[in-house]
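Asker:
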Amino acid sequence: MKNTREKMRLASVAGVAVIGLALAGCSSGSSASDDAKTGQDSRGPITYVQGKDNSNVVRPLIAKWNKAHPDEKVTFKEQSDQADQQHDDLVQHFQAKDDGYDVVDVDVVWTAEFAAKSWLTPLTGDMAIDTSKLLPSTVKTATYNDTLYAAPQTSDGALLYYRKDLVKTPPTTWAEMMKDCSIAKDAGIGCYAGQFAKYEGLTVNASEAVNGSGGSILNAKGAPDVDTSKAKAGLQNLVDAFKDGNIPAEAITYQEEQGRTAFEDGKLLFLRNWPYVYNLAKTDGSSKVKDTFGIAPIPGADGVGASTLGGHNAAISVYSKHKATAHDFLEFLISNDTQKFFATQGSLAPVVGDLYTDSELTAKLPYLPTLLESIKSAEPRPVTPFYPAVTKAIQDNTYAALKGSKSVDEAMKDMDAALKSATSSN
Amino acid sequence: MSAATEIPAAIPNPQGLEPRKRRKGGLNAEHGRWAVYLIGPTILLLAIVIGYPVVSAVIQSFQLDAGLDKATGLFVAGGFAGVTNYVHWLGQRCGDVTCPPGSLGSQFWVAFGNTFFFTVVTVVLETVIGLWMAIIMNRNFKGRALVRAAILVPWAIPTAVTAKLWYFIFDANGVLNHVIGHQVLWFSDEWASRFAIVIADTWKTTPFMALLILAGLQLIPDEVYEASKMDGASTMQRFLLITLPLVRPALMVAVLFRVLDALRIYDLIAIMTGGGGGSGNATVSLSVLVVDQIRQGFNAASALSTITFVIVFLVAFVFVRFLGANVVQTQAAQQKGELK
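Those protein sequence lines, which keep their order, are chains A and B.
Here the first sequence is numbered in our numbering, starting from 706 and rising by one per residue.
Here the second sequence is numbered in our numbering, starting from 929 and rising by one per residue.
1) What's the C-alpha gap between serine 733 of chain A and aspartate 1063 of chain A?
2) In the DSSP output, what is aspartate 861 of chain A paired with across the bridge?
3) Straight-line CA distance for tryptophan 1037 of chain B to aspartate 1117 of chain B?
4) Among the residues of its own chain, which have a CB less than 7 Å from the CB of threonine 1234 of chain B, if the five just before and after it don't count?
5) Using a Cβ-Cβ distance under 8 Å, would isoleucine 957 of chain A count as near chain B?
6) Please classify threonine 958 of chain A: is it buried, with 16 or more other beta-carbons within 10 angstroms of its beta-carbon, or exposed?
7) With DSSP run on the structure shown, which of helix, strand or coil describes valine 1048 of chain B?
8) Going by DSSP in three states, tyrosine 983 of chain A sits in which element: helix, strand or coil?
9) Considering only their Cβ atoms, is the gap separating isoleucine 1000 of chain A from leucine 1124 of chain A smaller than 8 Å?
10) How about threonine 1133 of chain B and isoleucine 1057 of chain B: do their beta carbons lie closer than 8 Å?
11) For asparagine 978 of chain A, does the count of other Cβ atoms within 10 angstroms reach 16, so buried, or fall short, so exposed?
12) With which residues is glycine 1008 of chain A paired in a DSSP beta bridge?
13) Going by the CB atoms, is the gap between lysine 1026 of chain A and glycine 756 of chain A shorter than 8 Å?
14) Counting C-beta neighbours from all protein chains within 10 Å, is the total for leucine 1074 of chain B 16 or more, i.e. buried, or is it exposed?
15) Can you confirm whether arginine 1223 of chain B, when its beta carbon is compared against all beta carbons of chain A, has any partner nearer than 8 Å?
16) Cutting at 6 Å between CB atoms, please list the residues of its own chain near serine 1126 of chain A, excluding the five before and the five after it.
17) In this structure, does DSSP put phenylalanine 1040 of chain B in helix, strand or coil?
18) Any C-beta of chain B sitting closer than 8 Å to the C-beta of serine 1110 of chain A?
19) Please confirm whether alanine 1019 of chain A and alanine 880 of chain A have their CB atoms less than 8 Å apart.
20) By a C-beta neighbour count over all protein chains shown, 10 Å radius and 16 as the cutoff for buried, is tyrosine 1092 of chain A buried or exposed?
21) What are the boundary residues of the beta strand (DSSP E) that cysteine 896 of chain A is part of?
22) Evaluate the contact criterion for the segment 812-828 of chain A versus the segment 1037-1057 of chain A: three or more CB pairs, one atom per stretch, below 8 Å.
23) Starting from serine 823 of chain A, find everything on chain B with Cβ-Cβ shorter than 8 Å and list it in chain order.
24) Using a C-beta to C-beta distance shorter than 8 Å, which residues of chain B count as neighbours of tyrosine 1104 of chain A?
25) Do phenylalanine 998 of chain A and aspartate 1118 of chain A have their beta-carbon atoms positioned less than 8 Å apart in this structure?
26) Whose CA, out of B:Leu1242, B:Ala1228, B:Ile1064 and B:Thr1087, lies closest to the CA of isoleucine 1199 of chain B?
27) Taking the runs of the alpha helix (DSSP H) that are 4 residues or longer, which of them lie wholly in the segment 999-1081 of chain A?
28) Between the Cα of alanine 1155 of chain B and the Cα atoms of B:Ile1170, B:Val1218, B:Gly1144 and B:Ile1239, which residue gives the shortest distance?
29) For arginine 1249 of chain B, decide whether its Cβ has a neighbour in chain A, counting only Cβ atoms nearer than 8 Å.
30) When burial is assigned at 16 or more other CB atoms within 10 Å of the CB, is arginine 961 of chain B buried or exposed?
31) How would you call glutamate 711 of chain A, buried or exposed, if buried means at least 16 neighbouring beta carbons within 10 angstroms?
32) Using a Cβ-Cβ cut-off of 8 Å, state whether glutamate 711 of chain A counts as contacting chain B.
33) What does a CB cutoff of less than 7 Å around isoleucine 1141 of chain B pick up in its chain, not counting 5 residues either side in sequence?
34) So valine 1056 of chain A and leucine 840 of chain A are supposed to be a Cβ contact under 8 Å. How far apart are they, rounded?
35) Just checking my contact of histidine 1032 of chain A with methionine 713 of chain A at CB under 8 Å: how many whole Å lie between their CB atoms?
36) Along the segment 1015-1026 of chain A, where does the CB come closer than 9 Å to a CB of chain B? Name the residues.
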């Protein structure tokens, strides 16, 4: 009896182990370039995947498309509100080679990563789109290794919000802005704030500081280039502002919302934030600055600063079975009508340059001309397939420098080493 | 020979039944087989859902993450890594150099220290406060059921909601700073951020400890207390010499559960501080590091996951082996009078 029990136990353990090892050893063997080429002529129903549609722009657009294309209907798959969860959801489906995701909405910083993992169809040949009317800086975010992998669909740039009752003309350089801080001191309020908590917003602000002073984080080849005097000067501006109290001490905990609240409460003279703040500052019941704020492009070292580009691109998954329909849907997304609808309905900045001077749009979104100036001189965040590691390297070292735990020289040297380690393939 | 004068060789079973073979625990062979059939599918499911990922993670931890082929700019699978991933974490090697600040590898020992700091501080606080709460809940007074239910509310709220709640309370312009009258940057100062996490975690989990300890307290018979009162024991003596020793088995189990949970703390930190504070890493814990690493490379994350698993396992082993966190045996021994 004991013998049989022992045998059964051993047999079941062995069976489970074998199944486990077999499952763990599973791998597929198709090549990526083959996947990219299959289905390029095929048409049929497709699925469009995007994060939460807060402004309700996607569903009406898809309804419009479906009416015009009854045989190539688009189904909308809505993901979570959180950028990290959207990223992880896409990664899971791509790794499983799921053909259920045809057109995906990717944040500008993930495009290079997904392109390098061979998950996005290059937009060349039959899949090409016309990028001549699109803003060049947005096209740069969708380009990896000199190939276009996605169509920019919405954009976003930084704006400088300022109190026009205290400052007559907005500053055009960082030095001018710091000089204006005496006005803030007299009025008893903070001078400037951006986003300085240790999260993606800090990478955005650090990147603007570095690029605005003429430096760059990665050079054209994708190698770290941050240990230069220009980049150090950019970061030194922020560190000095913290030391002098021109940036209030609590701003080290600010994300977008905390800064907006402080500005609307009248506690800040200047605020660097995204365009969404405009409507809220104008219409919020609790906003004390409804009629006393203006907007301008952010200041740089010698002139207009280099805003960081936000926004989203639309890409075709290599595993899609109906790439021809997907391609046409991309063209639909970048068409003038759709871009106008994004702007009027969702307050999303369009990627088509001409629309920024369209009278109907500027009536609805008065910040558009300023935003255009901002986007024209915008620099994307480092376009690299190692973006998660790169942004961590930037965040950790910038934060330490702003807290005063490291000198700017040390911080840049460490950032350079961390970026090297992040972008090397081990 | 008559049947009455002879002692029969064997006393026949009056009902003629086969004697049922009895094993320890009262099951026979047929019961055993049915047990296997009924529990088998569950075990199989658990093996697939728990066993396979653990085995797969360990296998993955010996593979290199995908590297970038410089020529094509595309990722290609890394090959066999040996113990490179483990050396990356434990020995802080990123390629050929020591991991520079800003890379995840450099944060391993900081995370290790933070995790143990959180575990020790939160468990000590929760045990002390939980014991106090359990003693109160054990007493007989009007409205006891209401108090018991109210005490459980913090633990019933999902951790993510609790984290967001405390995120707003600890905001630089939030309620707590208003009440204190002094602006403490809770998420930016090194120790303030650590204690923010400790406070939120203690608030959330003390009810759990209180409940487990209450279960142990309720097993102590009243007669023991009555006898001690007759012997003239003071309250403090009763607490130290009767309550504590008799509640020890339940207390040790509660502490063990809490320690294992605290070593894996993730959601509170991820939502409240994202691992930041101090010069940027004051609150990062091992699990936060694993999730951050997943976005940069699965295989290194699997190695870190395995290291965390080994650490948690060792701590649990120490508890069970040497500190006697074993309710049934300890209680049975106590009741038999073998254990003080």
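For each residue, glycine too, the CB sits at the ideal point set by N, CA and C.
Note that this is a predicted model, so its numbers are computed, not measured.
Answerer: If we stick to the structure as given:
1) Since pLDDT at serine 733 of chain A reaches only 48, below the 50 mark, its modelled position is unreliable, and no value is offered.
2) A:Gly1015
3) Separation of tryptophan 1037 of chain B and aspartate 1117 of chain B (C-alpha to C-alpha, rounded to the nearest whole angstrom) is 20 Å.
4) Ala985, Val986 and Ser989
5) Isoleucine 957 of chain A counts as touching chain B.
6) buried
7) Helix, per DSSP.
8) helix
9) no
10) no
11) buried
12) Partner(s): none; glycine 1008 of chain A has no beta bridge.
13) no
14) Exposed.
15) yes
16) none
17) In this structure, DSSP gives phenylalanine 1040 of chain B a helical state, which the three-state scheme calls helix.
18) Taking Cβ atoms only, chain B reaches closer than 8 Å to serine 1110 of chain A, which makes this a yes.
19) no
20) buried
21) 895-898
22) no
23) Leu1002 and Phe1003
24) Gly1204, Ser1207 and Gly1208
25) Sequence check: residue 1118 of chain A is lysine here, not aspartate. Not in contact: lysine 1118 of chain A and phenylalanine 998 of chain A (Cβ atoms no closer than 8 Å).
26) B:Thr1087
27) 1028-1038, 1041-1051, 1064-1069 and 1073-1081
28) B:Ile1170
29) no
30) Exposed: under 16 other Cβ atoms inside 10 Å.
31) exposed
32) Judged by the 8 Å Cβ criterion, glutamate 711 of chain A is not in contact with chain B.
33) Gly1058, Leu1059, Ala1062, Val1175, Ala1178, Leu1179 and Ala1182
34) Valine 1056 of chain A to leucine 840 of chain A, Cβ: 6 Å. Contact.
35) At roughly 58 Å, the Cβ-Cβ gap does not stay under 8 Å, so histidine 1032 of chain A and methionine 713 of chain A are not in contact.
36) none
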